[in-house]
Every structure is written in structure tokens, then in C-alpha cells.
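Below is one structure; the comments refer to it alone.
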Amino acid sequence: MLLFTKLNLLNNMRVLLVIAVLFFSLAVFSQVAQTPPMGWNSYNCFGSAVHEDEVKGNADYMAARLKQYGWQYIVVDFLWSYDNPPGSTIGNPFQKQLDDGSYVPWLTMDEYGRLLPNINKFPSAFGGKGFKPLGDYIHSLGLKFGIHVMRGIPRQAVWARSKVLGANGITADMIADTSSTCPWMNHMYGLNMSKPGAQEYLNSILQLYASWGVDFIKVDDIARPYSVKEIEGYKKAIENSGRPIVLSISPGETPLAQSAHVQQYANMWRMADDFWDSWPEMLKMFDYAKSWEGKGGPGHWPDCDMIQIGKLSKRGPVGPERYSRFNEDELLTHMTFWCIYRSPLMLGGNLPENRETENRLFTNEEVLAVNQQGYNPRQLYKANGSMIWISDAPGTGDKYVALFNISDTVQSVKLDFTAAGLKGKIRVRDLWNKRDTGVYSKEFTQQINAHGALLLKLSGVTNNK
196 MLLFTKLNLL
206 NNMRVLLVIA
216 VLFFSLAVFS
226 QVAQTPPMGW
236 NSYNCFGSAV
246 HEDEVKGNAD
256 YMAARLKQYG
266 WQYIVVDFLW
276 SYDNPPGSTI
286 GNPFQKQLDD
296 GSYVPWLTMD
306 EYGRLLPNIN
316 KFPSAFGGKG
326 FKPLGDYIHS
336 LGLKFGIHVM
346 RGIPRQAVWA
356 RSKVLGANGI
366 TADMIADTSS
376 TCPWMNHMYG
386 LNMSKPGAQE
396 YLNSILQLYA
406 SWGVDFIKVD
416 DIARPYSVKE
426 IEGYKKAIEN
436 SGRPIVLSIS
446 PGETPLAQSA
456 HVQQYANMWR
466 MADDFWDSWP
476 EMLKMFDYAK
486 SWEGKGGPGH
496 WPDCDMIQIG
506 KLSKRGPVGP
516 ERYSRFNEDE
526 LLTHMTFWCI
536 YRSPLMLGGN
546 LPENRETENR
556 LFTNEEVLAV
566 NQQGYNPRQL
576 YKANGSMIWI
586 SDAPGTGDKY
596 VALFNISDTV
606 QSVKLDFTAA
616 GLKGKIRVRD
626 LWNKRDTGVY
636 SKEFTQQINA
646 HGALLLKLSG
656 VTNNK
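Numbering (this note's numbering), first residue to last: 196 to 660.
Structure (C-alpha cells):
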């Protein structure tokens, strides 16, 4: 009888331990991205060819000039295990398979089929250190570190039958789904998540990333087509790692039919394919955002993609090296919409080449508060070349309102206060110019340049103040 009681007690303790571990894991995942992440991503200015000194240069700039405004993530995108010599363009990311089945160029990889940073691009990774030295440097600046990864497992690991860490006797070829491939890059196979060892492989790479100090991973080729089991696998692996890591998935468009699932399993998801500095793409983004209206909130954010402001495409991937092709009004619209919609804010330009134009757009604390603090963003009006979005300011009855002229000519845009849920006299503050414009009744009208925008804070006036 005593033995039976002891066994029951032991079993109950095991159950409680499992519950505690599960609760801790869920807490780790849920504590990230409570507001839309703000940072910088290397892709739009360096393609696959970013080097360590350039990442550090952008981190230094962010720490010195932008961190105080809430910018914090530094994300190394796209093919960091692939060898791009200094000065090269994005090049051809495909691997060639040789007669013996091996691949060239051979991606930097450990014995467990886990990709490592190429030391020609990231010299501090020499000696198997991986991204830890770079992560430590970024953390020393008070910033957070992120990386881009491709869904699945390297084809060269499958060819090499690499061992899977934490799964005795299982090798990469036993867990790969060789029918699941990326149409625009041939480095990876998908994972068959029903196979023993597949989750262990994801756990092993997230354990590696956690040891490097990674705070953010962008998983590519996973949102279109929407890979349910692999997305769930990455979340489980993050929880297993014990480190708070933001999970961003791309590219779009993520299917709306999966909105409930993606809100549960990802912190950010792309609504559209790659966004670039093109007005027609901006117009299309407004439509994507409307379709995802109401789906964002703490821990889960529809993503409009990176911000196309600043020096772009220094080494590809789209068009010549340039400052953004958006004119000043379009730049204002770009930043205004990303803020009112509460999209994650990931800067795409090379920060050390910022001019006063860029810095003015990135350092307005009143505008950034709309992105970080506003809630329930929604479209109020769209017709006749005008568009209005509104969100609620926390702890007050105040409203944030963005007025857009999306036509090709100058025109007036009118805001009806009743339609915005406001009554009586309303004080209007212009957030970009940081000034009160006056007190109005019933409506507010402003002439706005073609493709331009105005961002306001509306407050009710009481006690004749």
C-alpha cells in the first residue's frame, strides 16, 4: 500500500512538472512582440551579400540615433551561410548538384545538418562560434539580434545523411520531404513533421540559435503555401529553447483562411509578397491591410513588409542602388500607414547613409506612439481618391486618425467627427509637425498633396479648455 502511494505521488509530480514546463514554454512565446517589433533588416539594401562590418555599422547607427525612439532589432537576412565575396551582388542563389550528389557552393554546416554563418562574410564566426560574437556585440549596444532562415532542412544535409541531434539513429534523409521544395531557391527540402526526428531537428536549430543569443527569426518559404505543421514545429522549437524569440513568417500573401491559426502560432506574418518603392504596390498594400483588419494584437501582427525608405539595393536584389523612389509625399504616406495600421516596422535602407529626410521620418516619437500604443486600427472611409484610417489612443477617448489622398492630384480630405465616434468640440493635433492646429466642430478638412498623408490626434474639449 505504501509503495502504491509513493508511485502515485511520483506520477503526480511528473504530471505537475510537465504542466509547469508547458506553462513556462507558453509564457516564453507569449511575452514577445507585445507591440509591433521595430528594427532593421539587411535584405533591401544588401540582398544575400551583407557582411559583418555592415551589420555592425547599422547596429552602431541604430544604437546612437534610433534606439531612444524604440528601434531595437538588427536582423541578418537571406543566405548568411552562402559565400558572397566582398563587393558581389546578390548573384544566383541556386546550388549545383554534382555527379556524386553533393552540392556547390557548399553551405557552411555542422555535423548535425545545421547551417552556420559563412566566415568570409562573418569572420567572428571562425572556429565554430557561429553568430554568438555578433549577437553579443549587438546586445552590448542594448539592441536585439535576429536572423533569416529558410524553411526545412538543407539538401546537402540530406545527401550527407547528417545525424539529427537529439534523435538517436535518425539522419536528415529520414525526415526530409523531398517533394516539398522552394520554387525560387533550391537549398532546402521541407520537413515531414510526421516523421520521428523532424521536431527534434527543429528543436536542435532553435537551441543553436538560442545559444547565439538570437531574439528574432524570420522563417521564409513557409507562409505561401501555408505550411501548417512546420509553422507549429517552429513555435514548439522556440518554446523548447527556453529563450524569448519572435517568430516572423514569410513571404505573403498568407491565406486569410488561416488567420486563426497564424494568430496562434506566429508573431508576425506577411500579408503580401515583397513590397518595394512603387506607388502601385502601395495602393495594393492598402487592400491587403483592409482584408486583415482586426486580426492584429499583442503578440501577433499582420506585416506590411519592410520599410522602403533610405538607401536601397546596394547589392541587389531589385533595381539599381538608389535612395527610395518614393517622393516626399509618398514617403510620408508610407510611414504614416505602417504606423496607423500597427504593422511591424523594419527599416530596409542602409542606416549610415540616412539623410535628414530619413531621420525625420524615423525619430518622431508622437508618430511612433501611434504604432506602438494605438489599438483597434480600422478603415473609416475609402472613396473618391481619399482614404481615412482610425485607431484608439490608450486610456482616453482620444483618436488617432490618418488622412490619405491616394489620388494623383491635390485635393481636400474631410473627416466627419460623428463618423469617427466623436462629439462636441474637438482639438486637432498634427503629429508629424508636433503642433495643435486648432479646435473644430463637426468636421475637419485639409488639403493634401497627391499621394500625401496627414496624421492627427483628436481630443475632446471639456470645461471650455
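The beta-carbon is built from N, C-alpha and C at its ideal position, and this holds for glycine as well.
Nonlocal neighbours in the same chain, by C-beta distance under 7 Å from V596, ignoring five residues either side: I583, I585, L610, A615, L651 and L653
Extent of the continuous beta strand (DSSP E) run through F340: K339 to M345
Cβ neighbour criterion (16 or more within 10 Å) applied to N363: exposed
Integer-rounded CB distance, given that Q641 should sit under 8 Å from V605: The pair is not a contact, with the Cβ atoms about 11 Å apart (cut-off 8 Å).
Residue environment, Q351, which counts as buried when at least 16 other CB atoms sit within 10 Å: buried
Status (buried if at least 16 other CB within 10 Å, exposed otherwise) for W379: exposed
Helix, strand or coil at V457 [DSSP, three-state]: helix
Same chain, Cβ closer than 6 Å to D524, neighbours up to 5 away in sequence not counted: N644, H646 and G647
Residues of its chain near Y256, where Cβ-Cβ distance is below 7 Å and the 5 sequence neighbours each way are ignored: L546 and P547
Length-filtered (3 minimum) beta strand (DSSP E) runs lying within the segment 365-441: 371-377, 380-386 and 411-415
Nearest-angstrom Cα separation, counted from V656 out to R630: 16 Å
Assigned secondary structure, I314 (DSSP; H/G/I helix, E/B strand, else coil): coil
S607 (DSSP reduced to helix, strand or coil): strand
Chain-order list of residues whose beta-carbon lies under 6 Å from that of A484 (same chain, five-residue window excluded): Y536
Secondary structure of K490, DSSP reduced to three states: coil
Three or more C-beta pairs below 8 Å linking the segment 438-452 and the segment 506-525: no
As assigned by DSSP and simplified to three states, the class of M501: coil
Burial state of N462, where buried means 16 or more other Cβ atoms lie within 10 Å: buried
Residue range of the unbroken beta strand (DSSP E) whose run includes D625: K620 to D625
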